[in-house]
Amino acid sequence: MGWGNIIARRLKVFAIAIIVYVDYKAMQKRVQWANGSKKNTIWEKTHERNARRVLNLMMELEGLWVKLGQYLSTRADVLPEAYISVLKQLQDSLPPRSLKEVRRTIERELGKSMKYLFSGFVNTPLATASIAQVHQATMLDGREVVVKVQHDGIKEIILEDLKNAKSIVDWIAWAEPQYDFNQMIDEWCKEAPNELDFNHEAENTRTVARNLSHSNSSDPNSVHVLIPEVIQSTEKVLIMEYMDGIRLNDKDSLEAYGVDKQKLVEEITRAYAHQIYIDGFFNGDPHPGNFLVSKVPPHYPILLDFGLTKSISSSMKQALAKMFLSCAEGDHVALLAAFSQMGLILRVDMPQQALEVAKIFFRNSTPANEAAENIKTLQNQRERNMKALREKTKLNEKEAQRFNPIDAFPGDAIIFTRVLNLLRGLSSTLNVRIVYLEIMRPFAESALQGTMMLHGPATSSQWIYSSPVNSNVEAKLRKLLLDIGTDKILGIQVCVYKDGKVIIDTAAGVLGKYDPRAVEPDSVFPVFSVTKGITAGLVHWLVDKGKLRFDETIANIWPNFGNNKKDSIQVNHVLNHTAGLQNAMGDVMKDDPLLMCDWEESLNRISKSTPDTEPGSLQFYHYLSFGWLCGGIIEHASGKKFQQVLEEAIIHPLNIEGEMYVGIPPGIESRLATLTVDMDDIEKVMQQRQNADMPANLTRSDLAQIVAGLPVMFNTLNVRRAIIPAANGHCSARALARYYAALAAAGQIPPPHSSYSKPPLGSHKHIPKPPSIAVPKKKKGTKSTASDPKSKSKGYTLVSTHSNQHEHDDSDDAIQQKVTRIFENQKIHDAIMGMGDFSVLTYPDGKFGLGFRRYRNPDGKLTSFGHSGLGGSTGFCDVENNFSMAVTVNKMSLGGVTRSVVQMVCADLGIPLPDEFSSSGEKGPDMQLTLGPS
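Going by this note's numbering, the letters in the sequence shown line up with residues 4 to 937, in that order.
Put into structure tokens, the structure is as follows:
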């Protein structure tokens with residue numbers, strides 16, 4: 004292909020591109036002055052005129068442009084009818100190359116004369132496409148075959164066409180930034196050359212055939228398609244088994260043979276779902292020309308042409324499956340996590356719009372006769388999203404059009420979306436409606452569930468996250484977790500501090516039912532009422548700083564609160580659950596549960612509430628109202644926002660950035676665990692409702708419905724991002740255990756967390772920056788000394804890692820120089836547990852001290868405190884033994900996972916077991932739902 008031809012080809016492409024662009028821009032001006040019917044007529048003629056121009060160019064140039072035209076002709080769901088009717092001519096065979104050229108290529112590639120290869124060769128091709136043409140032939144042994152022969156010189160033409168297409172896309176992106184297809188064309192430039200090597204196509208064909216042949220009739224995800232057998236291949240010649248079939252554009256033959264077009268397209272869709280989600284290896288070019296329909300009932304589809312076939316990693320396969328299921332469920336958190344996993348980075352935090360755009364790919368297909376309405380719907384949605392973008396970014400209309408909300412789009416996802424668009428075009432061409440969310444869902448679910456089964460404890464110790472064992476008790480704990488297994492554990496973290504050192508930091512399982520990624524030490528779990536212990540700590544911090552008194556009336560610092568008989572309620576009443584507002588906002592929550600996501604309105608409503616009982620007279624657990632009451636106190640006493648106080652008082656001093664939140668920020672979705680429910684445990688409780696020993700809150704007839712609904716609500720992005728200081732904390736076990744380690748030591752901050760734990764605790768940015776801003780590198784972890792010679796006398800043995808790297812001195816003198824405190828009050832334990840001078844501030848013999856559940860040792864002495872959450876997560880400490888422990892779980896249960904873990908650790912270390920975790924002791928209100936009957 005000489006320079007003259009290259010230049011001529013390029014000039015023709017750019018000339019037509021400019022003519023079409025100028026024509027449309029002129030029509031945009033003209034139709035502004037036209038009425039409705041005339042406007043439609045103008046646009047129809049414009050589309051027809053430009054479609055003809057594009058067709059003529061593609062027919063003349065052939066090569067890549069024909070493939071592009073074939074793709075566009077299938078998009079009846081989004082392109083004007085004129086383009087579909089005109090460009091569909093490209094689905095028919097192109098003018099064939101000369102028989103002399105075909106024979107010469109075959110003999111050169113196979114090294115033999117035609118008579119030594121075939122006993123018969125049909126000179127008229129079955130089809131001629133942009134890259135090759137196909138002839139029917141008979142092998143010397145009598146087998147009927149098809150011979151695919153590459154056009155001479157097509158490689159140079161295709162590569163040149165790719166350059167021209169890239170230039171056109173660059174120009175369009177400059178002129179109309181909202182139509183930036185650069186990432187798509189870049190991926191096509193990378194993949195298209197693979198189609199020019201028929202050895203590559205032959206191997207792809209064998210692989211897909213092998214993958215799909217493993218399906219069996221008993222498997223609900225089995226598929227029924229036919230794929231021709233590969234006989235022989237070279238770079239430019241491919242010989243395959245001949246299969247007699249009907250072309251998809253031959254509507255008369257489809258009717259004559261009684262082909263059910265709906266079932267046909269559904270089976271093709273299932274075959275692609277299997278390739279993508281099960282195999283991770285799929286044909287990236289499913290246009291109508293690459294399919295036939297068997298003439299023999301039940302008329303299975305015949306899959307052809309595997310030149311452009313994409314292999315994706317296991318991680319990408321999981322991410323695509325999660326993206327699909329998040330669209331099916333409307334789950335913003337899962338969608339953002341899927342984006343992060345696949346490498347798709349957004350420049351702006353607009354999860355609702357992101358979900359709407361993602362759903363477009365999986366929407367039901369529409370017949371061609373509904374294309375106009377479909378285009379109008381998509382345009383209206385685009386305008387709404389643009390308006391939302393302008394409001395979010397404060398850009399004007401022109402700036403918003405030039406703003407690309409996507410910072411990075413992975414190539415694998417580009418091919419995936421292209422396949423979905425081609426499948427959609429296929430259904431439109433055959434005028435059938437396909438419900439992709441139903442057809443593809445079982446395959447996406449299998450992709451995730453199958454991955455999780457592979458990493459369960461029965462088959463791999465990697466179910467427990469690979470990290471060094473800190474102590475002998477941690478080794479025993481890990482064995483216990485393996486023994487309990489995946490029936491009861493989905494994902495779990497356990498962290499224990501003893502005498503200021505980390506002796507357990509274990510993570511196991513997966514992040515969610517449909518998220519097979521491993522739980523890691525920095526994974527963040529929703530912990531329900533564990534949050535109350537964090538919130539109460541902020542109130543104690545403000546008292547310690549002199550901003551507040553426990554016996555202060557709330558109306559003193561929060562004037563709007565002192566109405567409706569609340570003028571006598573004191574701070575200690577709220578912390579001790581004796582404020583009488585246990586039912587506050589109960590009616591509102593029944594009518595509008597999502598009101599709790601509105602922080603300011605929730606504070607406003609709680610300030611107008613009326614006590615049900617005399618403040619200070621009775622102790623009733625304030626399930627949700629506790630958080631708003633404490634939150635209002637914290638903000639009014641400090642003059643700062645709740646989350647600012649949380650960061651100042653706890654997050655930054657303890658160096659637990661990125662692993663403890665009350666209301667998550669954008670950007671951490673990829674580390675979030677997703678809640679589910681152990682319904683087996685719920686069923687057991689339902690069967691024992693008549694048992695007289697059952698706690699009252701477990702005898703409700705609608706218990707199963709209530710518990711099953713909680714994960715649905717608390718997994719939503721709105722709830723996760725809301726400030727609900729009684730219920731929606733998110734943290735890792737190591738951050739929570741470190742917090743309680745500081746409380747156990749009367750506010751003294753422990754030495755740095757174990758350097759064995761990766762990534763290092765505190766290495767995350769607490770509020771992630773937008774993707775367009777450079778993110779600082781994580782701080783390098785430190786190595787601690789390998790063993791402690793004093794440890795054996797303490798009931799545990801630190802495990803050596805034989806490391807000689809030290810970045811800090813762990814000697815007692817060095818630690819003393821670095822120590823800071825989060826509390827100065829040496830009687831903070833008395834204050835938290837309501838003992839000594841503070842006993843008058845708590846309800847006599849009540850379960851709660853000031854904000855925390857308090858526990859007695861076997862001698863009846865108060866030595867421990869903490870707070871558990873609905874479902875099993877917990878955090879607590881024992882002040883006499885300088886011990887703290889945290890457990891986070893994402894499979895909410897009434898069973899004994901948390902209890903078994905706490906009992907084992909406490910028994911091994913000789914720590915008195917808090918009665919909340921014993922079989923016979925009195926449970927707190929959250930742990931009644933957590934542990935249930937023994």
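Yeah, the Cβ is synthetic: ideal placement off N, Cα and C, and Gly gets one too.
Computed from a predicted model, the values in this text were never measured in an experiment.
Neighbourhood of residue i by C-beta distance below 7 Å, restricted to the same chain and skipping five residues each side
i, result
"Arg13", "Asn167"
"Thr613", "Asn567 and Lys568"
"Leu545", "Leu551, Ile637, Ala640 and Ser641"
"Thr108", "Val152, Gln153, Asp155, Lys239 and Val240"
"Pro917", "Tyr858, Ser867 and Phe879"
"Ser532", "Ala729, Ala730, His870, Ser871, Gly872, Leu873 and Asp929"
"His769", "Glu650, Ile654, Glu660 and Gly661"
"Gly66", "Ser133, Ile157, Ile160, Ile161 and Asp164"
Residues near residue i by beta carbon distance below 6 Å, same chain, minus five either side
i, result
"Glu112", "Thr237, Lys239 and Val240"
"Leu60", "Ile19"
"Asp816", "Any reading at Asp816 needs caution, since the residue's pLDDT is 41, under 50, leaving its predicted position unreliable; the model's value is listed next. Correct list: empty, nothing qualifies."
"Ile22", "none"
Closest Cα partner of residue i within the set the options
i, options, result
"Ser101", "Ala140, Gln153 and Leu551", "Gln153"
"Asp173", "Ile188, Met62, Ile160 and Ile234", "Ile188"
"Pro771", "Ala391, Asp352, Trp631 and Val137", "Asp352"
"Ala736", "Leu165, Tyr260, Val680 and Leu675", "Leu675"
"Trp68", "Ile134, Met142 and Ala11", "Ile134"
"Glu662", "Asn575, Asn607, Asp570 and Pro762", "Pro762"
"Gly944", "Phe528, Thr581, Ala587 and Gly670", "Outside the shown range of the chain, which is 4 to 937, sits residue 944, and nothing can be said about it."
"Arg33", "Tyr24, Ile45, Val23 and Ser40", "Ile45"
"Gly301", "Leu267, Tyr275, Gln465 and Asn860", "Reading the sequence as shown, one finds Pro at residue 301 and not Gly. Of the candidates Leu267, Tyr275, Gln465 and Asn860, the one whose C-alpha sits nearest the C-alpha of Pro301 is Leu267."
"Asp2", "Glu883, Pro847 and Leu853", "Only positions 4 to 937 of the chain appear in this structure, which leaves residue 2 out of reach."
"Lys193", "Glu232, Ala140, Gly287 and Ile242", "Gly287"
"Leu484", "Met30, Val904 and Asn202", "Val904"
"Gly899", "Leu338, Val16, Asn828 and Asp486", "Asp486"
"Cys330", "Lys169, Ser469, Lys501 and Val360", "Val360"
"Lys679", "His138, Ser896 and Gln585", "Looking at the sequence provided, one finds Thr at residue 679 rather than Lys. The residue with the shortest Cα to Cα distance from Thr679 is Ser896."
"Ser314", "Ala324, Ser470 and Val211", "Val211"
"Ser526", "Ser766, Asp502 and Pro413", "Ser766"
Simplified DSSP state of residue i, which is helix, strand or coil
i, result
"Tyr938", "Since the first residue shown for the chain is 4 and the last is 937, residue 938 is missing from the structure and cannot be characterised."
"Thr785", "In this predicted model, Thr785 has a pLDDT of only 39, less than 50, meaning its place in the structure is not dependable; the value taken from the coordinates is given anyway. Looking at Thr785 - three-state DSSP - the assignment turns out to be coil, as it is neither helix nor strand."
"Ala259", "helix"
"Ala20", "helix"
"Arg859", "strand"
"Asn579", "coil"
"Thr208", "helix"
"Arg723", "helix"
"Asn607", "helix"
"Gln622", "coil"
"Arg737", "helix"
"Gln235", "strand"
"Gly428", "helix"
"Thr396", "helix"
"Val908", "helix"
"Leu349", "strand"
"Met443", "coil"
Sequence-distant residues of the same chain with beta carbon closer than 8 Å to residue i, five excluded per side
i, result
"Glu51", "Ala85 and Val89"
"Gly468", "Before going on, a small fix: residue 468 reads as Tyr here, not Gly. Result list for Tyr468: Thr509, Ala510, Ala511, Ala521, Val522, Glu523 and Pro524, in chain order."
"Tyr626", "Ser532, Gln585, Ala729, Ala730 and Pro928"
Three or more C-beta pairs closer than 8 Å, one from the region 635 to 644 and one from the region 616 to 624: is that the case here?
No, because fewer than three Cβ pairs between the region 635 to 644 and the region 616 to 624 fall closer than 8 Å, the two stretches do not touch.
Quick check: the region 597 to 607 against the region 721 to 733, are there 3 or more CB pairs under 8 Å?
yes
Restricting to runs no shorter than 3 residues, where is the beta strand (DSSP E) found entirely within the region 124 to 150?
135 to 142
Segment contact, 8 Å Cβ cut-off, at least three pairs: the region 276 to 293 with the region 306 to 316
yes
Completely contained beta strand (DSSP E) runs for the region 453 to 521, where each covers 3 or more residues
494 to 501, 504 to 515 and 518 to 521
So does the region 274 to 284 actually touch the region 144 to 151, counting three or more Cβ pairs closer than 8 Å?
no
Given 8 Å, three or more beta-carbon pairs between the region 737 to 755 and the region 884 to 904:
yes
Which full runs of the alpha helix (DSSP H) of 4+ residues lie inside the region 523 to 575, going along the chain?
533 to 547 and 557 to 560
Check whether the region 553 to 560 and the region 586 to 594 touch, using three or more Cβ-Cβ pairs below 8 Å as the test.
no
Can you list the alpha helix (DSSP H) stretches of 4 or more residues lying completely in the region 38 to 86, in chain order?
39 to 64 and 67 to 76
Identify every run of the beta strand (DSSP E) within the region 259 to 340, keeping only runs that are complete inside it and at least 3 residues long; order them along the chain.
Runs of the beta strand (DSSP E) inside the region 259 to 340: 284 to 286, 294 to 297, 304 to 306 and 312 to 314.
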